[in-house]
Structures are given as C-alpha cells and as structure tokens.
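Here my numbering is used: the first residue of the sequence shown is 27, the next is one more, and so on.
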Amino acid sequence: MSSSVKEVVDNVEKVVQMEVMKGWGREVQLRRKWNKIWAEIGQRILRLPRKEQDILLEDFRTAIQSRILVMERINNANRED
Numbered sequence: 027m028s029s030s031v032k033e034v035v036d037n038v039e040k041v042v043q044m045e046v047m048k049g050w051g052r053e054v055q056l057r058r059k060w061n062k063i064w065a066e067i068g069q070r071i072l073r074l075p076r077k078e079q080d081i082l083l084e085d086f087r088t089a090i091q092s093r094i095l096v097m098e099r100i101n102n103a104n105r106e107d
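Listed below in structure tokens is the structure:
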C-alpha cells in the first residue's frame, strides 16, 4: 500500500472508537471483514493518481465519521427511551 493509503487506514482505525464487542471471536470476524474490504478497495485506489487518492481517502474518512456519529446518536436516543 502507498504511504497515504496506510496513513488513512491508520487514522480511520484511530477515529473509529467502537465499544468493546461481546466476545473475542466477534471482534476477530469484524476485523477480517474490514481488512477484506480495504484490500479490495485499496487495489483500485492505488491505480488512481496520487491527488485523487488523497481526495478519495479524505472522503472515506468524512463519510465514516459521519456515519458513526449518526449511529451513535441513534443508539443513545434508543437508550434514553
């Protein structure tokens, strides 16, 4: 992977602050899915020009952060009910 792809992956892992999952096996399964998705997408990203890679990866980060925020708000609202 290029350094920019690796940097974004590392940053996404830092940004994604998931609650501790129940059961170690579930966490392993989720990490495998995550790695498989990034392996598939990463190959296509690496074929793009460097500037487009940076733009796309920043878009991924923003989309992931926004999605997590919405899900956290939904979960918190459901807990209050």
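In this text, a Cβ means the ideal position worked out from N, Cα and C, and glycines have one as well.
These numbers come from a predicted model, not from an experiment.
C-beta contact flag for residue i and residue j at 9 Å
i: Val31; j: Ile71; result: yes
Residue i versus residue j: straight-line alpha-carbon distance, rounded
i: Glu111; j: Arg73; result: Missing from the structure shown is residue 111; the chain here goes from 27 to 107 and no further.
i: Ile100; j: Ala89; result: 17 Å
i: Met97; j: Trp60; result: 18 Å
i: Ile63; j: Asn104; result: 29 Å
i: Met47; j: Gln55; result: Because the pLDDT at Met47 is just 48, under 50, the model does not fix this residue reliably, and the point stays unresolved.
i: Gly52; j: Pro75; result: The residue asked about is misnamed: residue 52 is Arg in this sequence, not Gly. Spanning the two alpha carbons is a distance of roughly 36 Å.
i: Glu33; j: Arg57; result: 18 Å
- Item | Runs of beta strand (DSSP E) lying entirely within the region 43–104, each at least 3 residues, in chain order | none
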